[in-house]
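These protein sequence lines are chains A and B, in that order.
Each position in the first sequence, counted from 1, maps to that position plus 19 in the working numbering.
Each position in the second sequence, counted from 1, maps to that position plus 19 in the working numbering.
Where a beta carbon is used, it is the ideal one built from N, C-alpha and C, also for glycine.
The block underneath contains the structure these notes are about, expressed in structure tokens.
There are 2 protein chains.
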Amino acid sequence: MDEEAKIPQATAKRLPLYYRFINNLYLQGKMRVSSKELSDAVKVDSATIRRDFSYFGALGKKGYGYNVEHLVSFFRKTLDQDETTEVALIGVGNLGTAFLNYNFMKNNNTKIVVAFDADKERVGQEVGGVPIEHIDDLEERMGNVSVAILTVPSQAAQGITDRLIGQGVSGILNFTPARITVPSDVRVHHIDLSVELQSLAYFLKHYPL
Amino acid sequence: MDEEAKIPQATAKRLPLYYRFINNLYLQGKMRVSSKELSDAVKVDSATIRRDFSYFGALGKKGYGYNVEHLVSFFRKTLDQDETTEVALIGVGNLGTAFLNYNFMKNNNTKIVVAFDADKERVGQEVGGVPIEHIDDLEERMGNVSVAILTVPSQAAQGITDRLIGQGVSGILNFTPARITVPSDVRVHHIDLSVELQSLAYFLKHYPL
DNA sequence: CAAAAATCGTGAGTAAATTCACAAAGTTAG
DNA sequence: CTAACTTTGTGAATTTACTCACGATTTTTG
Chain A
20 MDEEAKIPQA TAKRLPLYYR FINNLYLQGK MRVSSKELSD AVKVDSATIR
70 RDFSYFGALG KKGYGYNVEH LVSFFRKTLD QDETTEVALI GVGNLGTAFL
120 NYNFMKNNNT KIVVAFDADK ERVGQEVGGV PIEHIDDLEE RMGNVSVAIL
170 TVPSQAAQGI TDRLIGQGVS GILNFTPARI TVPSDVRVHH IDLSVELQSL
220 AYFLKHYPL
Chain B
20 MDEEAKIPQA TAKRLPLYYR FINNLYLQGK MRVSSKELSD AVKVDSATIR
70 RDFSYFGALG KKGYGYNVEH LVSFFRKTLD QDETTEVALI GVGNLGTAFL
120 NYNFMKNNNT KIVVAFDADK ERVGQEVGGV PIEHIDDLEE RMGNVSVAIL
170 TVPSQAAQGI TDRLIGQGVS GILNFTPARI TVPSDVRVHH IDLSVELQSL
220 AYFLKHYPL
């Protein structure tokens, strides 16, 4: 296990957000930043930010704040920003295409290197610089990519998941409404767009602010 | 305030998920279901499911489980499944288009009724049955929709947010990387696709399962 | 240089969510 | 009908996350 394995999951989820914002400050030439300023920008309580940072040691200076350059290089290291994670995308529909176009606008430690689709017409095309392969060739063309984005129709989700796992994938970002079943050593993050929208509607009706 | 306002937020977020799954069971003609079966399907601990349901009273029967028909009609009522929330979508790029196409595949208490884009070429077209208006006409064409999906470039996010709020929008589903600033009575749910991907990569490296 | 202001890092308190584990009550099988 | 089994609903324990509030330290101002 990592030494860092003590970091709360909630904190870990915020790290990429912090990194992106701090990197912007750095590119703008800003020298220092306080937890209060960060808080206004990323909408996370300033005490939470200080606590989050404190898991990595004393990154700041009392009465001063945080040195932007120091923070940026620290986060780059911590988030393995130099070591890119290669990603495969399965399902080049609208959502999949959005990801592919997004791919190169980054601050990113992840890169989609190959995409698959069931439509033979699309094979051989490129979207956002990523070649599209046919889903039947998944096993031959996937290489040893370890993360996959699943943007296929939900009926196809479990079948493709099984094939991905057969290829050694260890992380899946699942955008289908289907809840997929995976071995216990495979991590799945699930984003259900229609649930997000419905839950927002429910909150508006039942939890007035 | 609602009577139901006691329901934990974490529970409220799971309700749409439960509803969708239970509705599928109902359509398949299944008569009964246990918390254990639901748990396997939606990947939520069975005790959590029983606890969630218990906030609404005793919906189940000991030794038997839950009656599917009863559950389905209960959830339909609770989620205001009959009273549809009208939604506006801003930014008809790939991601926006994905939402529009998704719109009618539903079990849904939400419906996108109008979309806006900055591209004049697209005005007058329909995507997924939803008419596209020009962003300059936002104020005239939005009607009294109270929820908006924001799928625009991040530079445009805050400006459009301000205009939406001027029109009385009270909930925003923000897909841009920008953290938007809103009055305290407006609810924002933020989904940051690149953060999701990066955070999955981080978890894989640092939190081996 | 001294006083005032800023800001971190964190102990302690609180809140929210999850999970365990079991009595109670129903169902099923023989 | 009885015994074995199933499954709920929930009190209590635990885990996780958030926030307050303040001492310690540095910067800034005059």
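If you count every other CB in all the chains shown that lies within 10 Å of the CB of residue 28(A), and 16 or more means buried, which is it?
-> By the neighbour-count criterion, in which a residue is buried when 16 or more other Cβ atoms sit within 10 angstroms of its Cβ, residue 28(A) is exposed.
Helix or strand or just coil, what does DSSP make of residue 81(B)?
-> Coil, per DSSP.
Spell out whether any CB of chain B is found under 8 Å from the CB atom of residue 121(A).
-> Yes - at least one Cβ of chain B is within 8 Å of the one on residue 121(A).
If you check the beta carbons only, do residue 142(A) and residue 134(A) fall under 8 Å apart?
-> Cβ distance not < 8 Å, so residue 142(A) and residue 134(A) don't count as in contact.
Please check the pair residue 128(B) and residue 103(B), which I expect to be a contact at CB under 8 Å, by giving their CB distance rounded to whole angstroms.
-> 6 Å between Cβ atoms; contact.
Best match in 68(A), 88(A), 35(A), 113(A) for proximity to residue 171(A) [C-alpha to C-alpha] = Here the closest residue by C-alpha is 113(A).
Examine chain B for any beta-carbon lying closer than 8 Å to the beta-carbon of residue 217(A), and answer yes or no.
-> So, interface residue.
Under 9 Å Cβ-Cβ, which residues of chain A neighbour residue 210(B)?
-> Simply 210, 212, 215.
Contact set for residue 25(B): own chain, Cβ-Cβ below 8 Å, skip 5 residues either direction | Excluding sequence neighbours, residue 25(B) sits near 74.
Helix, strand or coil at residue 146(B) according to DSSP, with G and I counted as helix = DSSP places residue 146(B) in strand when its eight states are reduced to three.
Assign residue 140(B) to one of two classes, buried (16 or more other C-beta atoms within 10 Å of its C-beta) or exposed (fewer than that).
-> By the neighbour-count rule (16 or more Cβ atoms within 10 Å), residue 140(B) is not buried but exposed.
List the residues of chain A whose Cβ lies closer than 7 Å to the Cβ of residue 156(B), in chain order.
-> Using a Cβ-Cβ cut-off of 7 Å, residue 156(B) is close to nothing in chain A; its nearest Cβ partner there is about 24 Å away.
What separation, rounded to the nearest whole angstrom, lies between the Cα atoms of residue 98(A) and residue 82(A)?
-> Whole-angstrom Cα-Cα distance: 27 Å.
Would a check of beta-carbon distances place residue 31(B) closer than 8 Å to chain A?
-> It does: the Cβ of residue 31(B) has a partner Cβ on chain A nearer than 8 Å.
Check whether residue 177(A) and residue 151(A) have beta carbons under 8 Å apart | Between residue 177(A) and residue 151(A), the C-beta spacing is not below 8 Å.
What whole-angstrom Cβ distance do residue 184(B) and residue 169(B) have, given they're in contact under 8 Å?
-> Contact flag wrong, Cβ pair sits at about 12 Å.
Taking the alpha-carbon positions, what's the residue 110(A) to residue 111(B) distance?
-> C-alpha separation (whole angstroms): 20 Å.
Residue 193(B) (DSSP reduced to helix, strand or coil) = Three-state DSSP puts residue 193(B) in a strand.
Pull up the DSSP beta-bridge partners for residue 136(B), would you.
-> When beta bridges are read from the DSSP output, residue 136(B) appears opposite 153(B).
Could you confirm whether any beta carbon from chain A is found closer than 8 Å to the beta carbon of residue 45(B)?
-> With 8 Å as the cut-off, residue 45(B) does not count as an interface residue toward chain A.
Would you tell me roughly how many angstroms separate the C-alpha atoms of residue 149(B) and residue 156(B), rounded to the nearest one?
-> Going by the C-alpha atoms only, they are around 16 Å apart.
If you pair each beta-carbon of the stretch 88 to 98 of chain A with each one of the stretch 183 to 197 of chain A, do three or more pairs fall below 8 Å?
-> With the cut-off at 8 Å, the stretch 88 to 98 of chain A and the stretch 183 to 197 of chain A do not touch.
Where residue 104(A) sits in the DSSP three-state scheme | DSSP places residue 104(A) in the strand class (E or B) of the three-state scheme.
When DSSP builds the beta bridges, which residues end up paired with residue 129(A)?
-> Residue 129(A) has 104(A) as its beta-bridge partners, per DSSP.
If you drop the 5 nearest sequence neighbours on each side, which residues of the same chain put their C-beta closer than 6 Å to that of residue 189(B)?
-> Excluding sequence neighbours, residue 189(B) sits near 165, 205.
Going straight from the alpha carbon of residue 85(B) to that of residue 219(A), what length do you get?
-> Approximately 27 Å, taken between the alpha carbons.
With DSSP collapsed to three states, give me the class of residue 169(A).
-> Strand at residue 169(A).
Reduced DSSP category for residue 198(B) - H, G, I as helix; E, B as strand; rest coil | DSSP places residue 198(B) outside both helix and strand once states are collapsed to three, so it counts as coil.
What does a CB cutoff of less than 6 Å around residue 175(B) pick up in its chain, not counting 5 residues either side in sequence?
-> Nothing listed; no residue qualifies.
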